[in-house]
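For what it's worth, our numbering labels the leading residue of the sequence shown as 12, then goes sequentially.
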Amino acid sequence: MNGATVQESNPRKQPVSKIYNAAAIAANQILGINRVVNLKIIVEGYIIRHFDYFTLNQSASRHHEFELKLPGDALDQYENHELNEAQKFLGKRLTVVFHYKDVMDSPERTFVGVITEVGYEQEQGSLGKIVLTGFSPTILLDAAPHTQSLGGEQPISLNSVASELISQGLGTSKYDVRVECGYQKNLPYTSQYNETHFNYLARMAEAYGEQFFYDGEVLHFGKLPPPQKSLEFVYGRNVTDIKIKMRAVHVKPTFYGYNSANNEKLTSGESPVRHVSDIANRAYQISQQTFSTPSLRVAPLKAENYHDVEASQTGTAGSKAAEVFVTSGTTSIPFLYPGCTAEINMRKLDTNSTSYFTKLMVTQVTHKVDGRGHYEGTFEAIAADSGFLPRPEFTLPMAEAQTATVISNSDPTNQGRVQVRFDWQMHDVTNFIRVMTPDGGGSDKVNKNRGFMAIPEVGDQVMVNFIHNHPDRPFVMGGMFHGKVGGGGGQGNNVKSLSSKSGNIICLNDGAGIEIKDKNGNYVTLSGSGDVTTFVSNDNTEDIGNNHTTNVTTKTTINVGKDQSVLTMDNAGNISLEGKTQIELKVGENKITIKEDSITISVGSGMLDMNSEDNALLVTQNNLSLHSKSDTSINATGNTYVTGTQVDIN
């Protein structure tokens, strides 16, 4: 699909996710007593007033999961195994609002999910329970693999890519979505390839250094949302069973890329992650020192410049750096959600007083509430303020070679690239992509198109492969014949040919030789048995810069006008020059003209010299005249004879 080419100038107001009246949490805490929690449960307008048990598992890197157990009579009528009422909830939006029971203006936190399973369970003769289970709305993006492209005809922003993909799965109004990317450049082309929408969005977020997670109320793609006021964790009051872990992990990936348009190798320097927390920063520094092995990889995107490589490298480094410090524990606060922050106060050694330890960002939380309002919660958190969350789970698709059709070969930058449409694209196209050739490059004599240059024609079917198997990096391997345009083979498979779209052909025939033919029918044929035939339908011009030598063993004949003018030379030394009308030999003003009824020797300048080392005989069957406009001399070293029937000398 083709999207907008620029960022929105007036983006819509982004939804805000927070705990309502969070300041009242501390005010309503009673030391040693857990507040009773009430749940307001709504299924697309239908209020469920009674429940037995609710469990919610939330994670910044996975789908949230929930299970809601209801009494058999919680709906309009008593439910049984036929699920007559419960089945109406399948596929519906579930809203659960957590708040304290019997507290005016209680803090509140909302969870929104989708019911994907309804069930009925009955144990030991009980009246049975209704069981509603489901996930966060992100499950709607992760149901089935799909293939589509964005950009190609026009560049598209990452904001537009994320918005389009999310709207395809979640719609535009049913669930809250916040798209606010830090990466502001446009993408020339990108492809979701045989993967779910969720997988594509997750890997795109990682590739461009963005965050992609659901916090229970809003789906975020881009920068972390603006922070809300941090909660206060106090060990022994609202958090217990604390476990703190420092981890050594590899945090120094190195990425590279390549820009073919500029023939530019792309690299980036180190991408350090800044941890505000002292203990997290120490864990990060130790990780850098512990894992010093190099980790060079191709950037998981089509990099246009080193900024792209840097953004991708920073994103991967950041998601790994988020793992170096992890805190987990149990809590009595029922309002935690992925992405919220808290300042934790730990007990001092040998005393009951507490002091500030560090600031955390919650990444996982589990809520359990029974029908009487008893709450149990556990959480896992990382150091806050690094700007990164653990990466969502995804796999990298492997794009395989496939056919496509050439849509355009008018490369706007005249680099010999083509634009193609894959079989799975209805109206979309790629951007202009490179074409593979058996030999291509440049030299000191030929700076462009040295080697074999042949750009596919519009409408041609081509085989396309992908650099590093990445679906955003296609290139043309070569053309493919199909049943309507392919021919050849046959008995002996003797013919190999090269032809252009206008009909210029070079044909190599193992049974008949070689023929070079142009679109007008002119040809040169090498028979394969020693003969060469040339046919020129119009003019033939031969320009030779230096010597020209022609060696013929037996005979040469030049025939012009179908025997009107013929020059024949043979290996016996015979030369025959025949003209049906006239033969003329001319140098300057001097010439010899031979016609059918006369021979004329004309000397326009200089002297006519007829000299013989032996006898000379001039014979005519009719009159012979010798005439000079000046003196005439007849001279002989011997006798001179003038004879005739009558000799007149005047």
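C-beta: ideal position from N, C-alpha, C; glycine also.
State the CB to CB distance for the pair residue i and residue j, rounded to an integer number of angstroms; the pair is presumed to be in contact (CB under 8 Å).
i: residue 442; j: residue 163; result: 5 Å
i: residue 440; j: residue 431; result: 7 Å
i: residue 10; j: residue 100; result: Residue 10 is absent from the model: the chain starts at 12 and stops at 661.
i: residue 419; j: residue 469; result: 6 Å
i: residue 409; j: residue 395; result: Wrong, their Cβ atoms sit about 36 Å apart, outside the cutoff.
i: residue 342; j: residue 250; result: 5 Å
i: residue 228; j: residue 122; result: 7 Å
i: residue 322; j: residue 242; result: About 31 Å separates the two Cβ atoms, so there is no contact after all.
i: residue 28; j: residue 236; result: 7 Å
i: residue 519; j: residue 508; result: 7 Å
Hey, would you say residue i sits closer than 9 Å to residue j, going by beta carbons?
i: residue 158; j: residue 209; result: no
i: residue 55; j: residue 104; result: yes
i: residue 192; j: residue 213; result: no
i: residue 130; j: residue 91; result: no
i: residue 380; j: residue 48; result: yes
i: residue 35; j: residue 116; result: yes
i: residue 294; j: residue 336; result: yes
i: residue 9; j: residue 388; result: The requested residue 9 does not occur in the structure, where the chain is confined to residues 12 to 661.
i: residue 601; j: residue 615; result: yes
i: residue 358; j: residue 40; result: no
i: residue 645; j: residue 651; result: yes
i: residue 66; j: residue 377; result: yes
i: residue 627; j: residue 618; result: no
i: residue 147; j: residue 374; result: no
i: residue 531; j: residue 549; result: yes
i: residue 591; j: residue 580; result: no
i: residue 319; j: residue 268; result: yes
i: residue 578; j: residue 595; result: no
i: residue 483; j: residue 202; result: yes
i: residue 211; j: residue 365; result: no
Considering Cα atoms alone, identify which of the options is closest to residue i.
i: residue 233; options: 463, 189, 272 and 507; result: 189
i: residue 198; options: 318, 505, 313 and 342; result: 313
i: residue 262; options: 595, 246 and 302; result: 302
i: residue 187; options: 195, 606 and 178; result: 178
i: residue 275; options: 304, 316, 417 and 291; result: 316
i: residue 160; options: 60, 365, 28 and 437; result: 437
i: residue 331; options: 250, 366 and 291; result: 291
i: residue 32; options: 240, 86 and 69; result: 240
i: residue 406; options: 206, 649, 464 and 95; result: 206
i: residue 46; options: 643, 386, 391 and 554; result: 386
i: residue 309; options: 421, 454, 324 and 356; result: 324
i: residue 546; options: 555, 575 and 533; result: 533
i: residue 333; options: 392, 311, 353 and 277; result: 392
i: residue 529; options: 184, 480 and 516; result: 516
i: residue 195; options: 167, 498, 175 and 211; result: 167
i: residue 156; options: 299, 96, 135 and 180; result: 180
i: residue 485; options: 522, 204, 573 and 111; result: 204
Please name the residue or residues paired with residue i in a DSSP beta bridge.
i: residue 379; result: 66 and 387
i: residue 82; result: 140
i: residue 336; result: 257
i: residue 192; result: Residue 192 is not bridged to any residue.
i: residue 653; result: BP columns for residue 653 are empty, so no partner.
i: residue 353; result: 242 and 371
i: residue 485; result: 477
i: residue 130; result: 142
i: residue 209; result: Residue 209 pairs with nothing; no bridge assigned.
i: residue 3; result: Because the chain is modelled from 12 through 661, residue 3 falls outside the range shown and cannot be assessed.
Mind checking if residue i is an interface residue toward chain D, Cβ cutoff 9 Å exclusive?
i: residue 78; result: No chain D is part of this structure, which consists of one protein chain only.
Quiz item: Would the segment 213-222 and the segment 248-268 be scored as touching if the rule is three or more Cβ pairs under 8 Å?
Solution: No contact exists between the segment 213-222 and the segment 248-268.
Quiz prompt | Cβ contact check for the segment 470-486 and the segment 407-418: 3 or more pairs under 8 Å | solution = yes
Quiz item: Would you call the segment 221-236 and the segment 399-407 in contact, with 3 or more CB pairs under 8 Å?
Solution: yes
Quiz item: Taking three-plus beta-carbon pairs below 8 Å as touching, is the segment 278-295 in contact with the segment 77-88?
Solution: no
Self-check item: Cβ contact (3+ pairs, closer than 8 Å) linking the segment 340-353 and the segment 66-78
Solution: yes
Quiz item: When the Cβ atoms of the segment 418-431 are set against those of the segment 455-470, are three or more pairs found closer than 8 Å?
Solution: yes
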